[in-house]
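What follows is one structure encoded as structure tokens, with my remarks underneath.
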Amino acid sequence: STKTRTMYDEIHVEDVRNSAEHLFHRDLVIVGDVLEHVERDEAVDLLQRAEAAGAWHILVSVPIVDSQQGEV
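See the structure below:
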């Protein structure tokens, strides 16, 4: 949406498992409603990659209820 685009400098919609390392070199990396869709080892790898790339802060948001959604 237009409102969202004015709030952030960049928005990347892609498979985070294949994201380039330079995308994680930010003041804030938001991983919103993502980790519950990947295997645990992939989630840990993602967070470690973001940290190693120099992310100052990593904000993780996951649902508090179990809901089977499958892969999109």
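Residue numbers for the sequence shown follow our numbering, beginning at 3 and rising by one.
We put the CB at the ideal spot given by N, CA and C, even for glycine.
_Which residues DSSP lists as bridging Leu30, in chain order_ = His59
*Does the beta-carbon of Ala52 have 16 or more other beta-carbons within 10 angstroms, so that it is buried, or is it exposed?*
Ala52 is buried by the Cβ-count criterion.
*Cβ of Val18 within 8 Å of Cβ of Leu48?*
yes
*Can you have a look at Ala57 and say buried or exposed, based on whether 16 or more other CB atoms are within 10 angstroms of its CB?*
buried
*Excluding sequence positions up to five away, which residues of its chain have a Cβ less than 7 Å from the Cβ of Ile32?*
Leu61
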